[in-house]
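Enquirer: My structure is below; once you've seen it, I'll send some questions.
Residue numbers (the UniProt record's numbering): 1 to 371.
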C-alpha cells in the first residue's frame with residue numbers, strides 16, 4: 001500500500017521509441033507475435049482492474065437480520081420466550097401474551113430484514129449488469145495485422161491504435177499521432193483536451209505528452225502507441241487499488257441507532273432491575289420478580305421503529321430509482337439527506353464537458369440558439 005502512495009515512477013516517457021521496443025520485445029511495425037502475446041498474458045494476467053472483495057450474500061442477509069436495531073428486537077423476543085417458559089413451568093392459569101409478543105417481534109425483524117436485503121440486492125444486480133453490457137474493444141497490431149480484441153486481452157508490448165471517441169485501453173507510450181487530443185479529466189482533473197505526440201516534454205509522466213493513460217478518452221485525431229502498463233499497474237489502477245483499500249466509516253443513521261440502542265438498553269435494564277429488587281422486597285417469589293424484570297425490559301423496546309425506518313428508506317430508494325438513481329445501501333439514503341456540502345469535480349461529473357451556445361446577440365437582438 002505504501003508503494004502505491006508514491007509518485008508514479010515510469011521511465012518509458014524518457015526513453016526512445018527504439019528503447020521501448022527493446023524493453024517490451026516488440027516491433028514498431030509488426031507488433032508482438034501471437035505466441036509472445038499469449039506468453040505475456042499468462043505472465044501478467046488480463047488487462048482489467050481487480051474488483052474489490054465482495055461480501056457473500058448470506059453475510060449481507062445476516063447483517064440485515066442481526067445488525068443495528070435488529071439485535072435489540074431479538075433480545076426482546078428472546079426475553080418474551082423466556083418469560084413464557086417460566087410461566088409455563090410455574091403457573092396453572094397460563095397466559096399467552098409473552099408468546100404472542102415474542103412471535104410478533106421475530107416476524108418484525110425477519111420481514112424488515114428481507115425488505116432491506118432484497119431492495120439492496122436488486123440495485124446491486126442492476127449495477128453489476130451495467131459492467132458487462134458492452135465489453136471494451138481495442139485495435140491491436142500483431143504480426144503485422146490489425147485485429148480487434150477485447151481490451152482485457154491486451155499485454156505489455158502490444159502495438160495499439162486509438163481514434164476519436166475511443167477509450168484508452170491501457171497506459172501507452174505514443175509512437176505516432178495525428179492531431180490526437182485526450183480528455184484527462186478523469187485522471188488529472190484537467191477540463192481542456194490535452195494534445196498527445198511522440199515527443200518527450202516533461203520529467204513527470206503525468207505531464208508528458210507522449211504518454212496516454214488508461215480510462216482517459218481520445219476526443220480528437222488518431223494515435224498509435226505501445227502498451228507499457230496493464231490492469232492494476234496502470235495509473236488509474238493504482239488509484240483504484242488505493243481507493244478500494246480505504247476503510248468505510250459508519251453512516252450517520254447507523255451511529256444514531258447505535259447511540260439510541262445504548263440509551264434504551266440502559267434505561268430498560270435500570271428500570272427492570274429496580275422493579276426486580278422491589279418485587280423481592282415486597283415478598284414476591286424470585287420467578288415472579290424475574291417475569292416483572294423481563295416484562296419491563298421488553299416494554300421499553302420500540303417494536304415499530306425498525307419497520308418504520310425500513311419502510312421509509314425503502315420508499316425513498318424506490319422514488320430515487322424512478323429518477324434513475326440506484327441506491328446500493330439503504331442507509332446511504334439518509335446519509336445523502338444529512339449532507340450539507342458536496343465537494344466534487346465539475347467536469348464530467350456535474351457537466352458533460354461539452355460547450356453549447358444558448359443565446360446569440362445579433363443585429364441588436366438576442367436570439368435563442370437551436371440545434
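Beta carbons: idealized from backbone N, C-alpha and C, even for Gly.
Fair warning: this is a prediction, and the values are worked out from it, not measured in the lab.
1) Check whether the region 69-76 touches the region 118-127, taking contact to mean three or more Cβ pairs, one atom from each stretch, closer than 8 angstroms.
2) Under a three-way DSSP split, which group does residue 5 fall into?
3) According to DSSP, which residues form a beta bridge with residue 361?
4) Quick check: what's the CA-CA separation for residue 324 versus residue 318?
5) When DSSP labels each residue in this structure, what does residue 44 get in the three-state scheme?
6) Please return the same chain residues whose Cβ sits closer than 6 angstroms to the Cβ of residue 84, not counting the five positions on each side in sequence.
7) Please report how far the alpha carbon of residue 260 lies from the alpha carbon of residue 302, in whole angstroms.
8) What is the C-beta distance between residue 115 and residue 168, in whole angstroms, given that I count them as a contact (C-beta under 8 angstroms)?
9) Would you kindly report the start and end of the unbroken alpha helix (DSSP H) that includes residue 173?
10) What residue range is occupied by the uninterrupted alpha helix (DSSP H) comprising residue 151?
11) What is the residue span of the alpha helix (DSSP H) that residue 295 lies within?
12) How big is the Cα-Cα spacing for residue 233 and residue 40?
13) How long is the line joining the alpha carbons of residue 311 and residue 262, rounded to whole angstroms?
14) Checking 8 angstroms against the spacing of the C-beta atoms, do residue 176 and residue 205 come in under that value?
15) Going by beta carbon distance, what residues of the same chain come within less than 8 angstroms of residue 335, once the five residues before and after it are set aside?
16) When the Cα of residue 147 is compared with those of 288, 32, 18, which residue comes out closest?
17) Enumerate in chain order the residues of its own chain whose CB-to-CB distance from residue 79 is below 7 angstroms, with the five nearest sequence positions on each side excluded.
18) Could you check the C-alpha separation between residue 18 and residue 173 for me, to the nearest Å?
19) Could you pull the DSSP bridge partners for residue 163 from this structure?
Expert: According to the structure data:
1) no
2) Residue placement at residue 5 is flagged as unreliable, the pLDDT there being 46, under the threshold of 50; the coordinate-derived value follows with that caveat. The answer is helix: DSSP assigns residue 5 an H, G or I state.
3) 366
4) 10 angstroms
5) helix
6) In its chain, beyond the 5 residues on either side, 98, 99 have a beta carbon closer than 6 angstroms to the beta carbon of residue 84.
7) 11 angstroms
8) Their Cβ separation, rounded to whole angstroms, is 43 angstroms, which puts residue 115 and residue 168 out of contact at 8 angstroms.
9) Taken as a continuous stretch (DSSP letters only), residue 173 belongs to no alpha helix (DSSP H), being part of the beta strand (DSSP E) at 171-183.
10) Looking at the DSSP string, residue 151 is not in any alpha helix (DSSP H), and its letter there is neither H nor E.
11) 286-299
12) 14 angstroms
13) 23 angstroms
14) no
15) Cβ within range, chain order: 251, 252, 253.
16) 32
17) 294, 297, 298
18) 12 angstroms
19) 222
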